[in-house]
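Chemist:
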C-alpha cells in the first residue's frame with residue numbers, strides 16, 4: 082500500500098510540473114521577444130558586421146528614391162504625399178521595398 086501511495090504522490094508531482102510548463106513557455110517567449118527588441122540576440126552579429134546599413138538609413142534611402150521616381154515619372158507635377166514610416170515595422174519596410182521594386186519596372 083505504501084508503494085502505491087508513493088507512486089501516486091510521484092505521479093501527482095509530475096502532473097503539477099507538467100501543468101506549469103505552459104506558463105514557463107509564455108515567460109520564456111516574452112523573454113526572447115524582449116531580448117530581440119533590445120537587439121541582444123543580434124549583438125554579436127552586428128559587432129562582426131559594422132558595415133551593414135541600419136534600417137533607419139535604409140528607410141530614408143527608400144523614401145528619397147521613391148520621391149525621386151515620383152518626380153521623374155508619370156506622376157511628375159502631382160503632389161507627393163510622403164507616407165509615414167515607422168522604422169520598427171517590418172511589414173511597412175517590406176511594403177516599401179515591394180513598391181520600390183514595382184516602380185523600377
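Residue numbers (our numbering): 82 to 186. A virtual CB, placed ideally from N, CA and C, is assigned to each residue, including glycine. Given the structure is predicted, the values throughout are model-derived calculations rather than measurements.
For residue 132, name the three-state secondary structure that DSSP assigns.
Modeler: Residue 132: coil per DSSP, three-state reduction.
Chemist: Using the rule of at least 16 other Cβ atoms within 10 Å of the residue's Cβ for burial, across every protein chain shown, is residue 140 buried or exposed?
Modeler: By the 10 Å Cβ count, residue 140 comes out buried.
Chemist: What does a CB cutoff of less than 7 Å around residue 92 pick up in its chain, not counting 5 residues either side in sequence?
Modeler: Cβ neighbours of residue 92 beyond the five flanking positions: none.
Chemist: With DSSP as the reference, label residue 163 as helix, strand or coil.
Modeler: Residue 163 falls in the coil class under three-state DSSP.
Chemist: Whole-angstrom Cβ separation of residue 116 and residue 122, contact assumed at under 8 Å?
Modeler: Their Cβ separation, rounded to whole angstroms, is 5 Å, which keeps residue 116 and residue 122 in contact under 8 Å.
Chemist: What are the boundary residues of the alpha helix (DSSP H) that residue 89 is part of?
Modeler: It spans 83-119 - the alpha helix (DSSP H) in which residue 89 sits, taken as one unbroken run.
Chemist: Assuming residue 163 contacts residue 144 (C-beta within less than 8 Å), just tell me the rounded distance between them.
Modeler: Right, their Cβ atoms sit about 7 Å apart.
Chemist: Quick check: what's the CA-CA separation for residue 89 versus residue 100?
Modeler: Using only the alpha carbons, I get a separation of about 16 Å.
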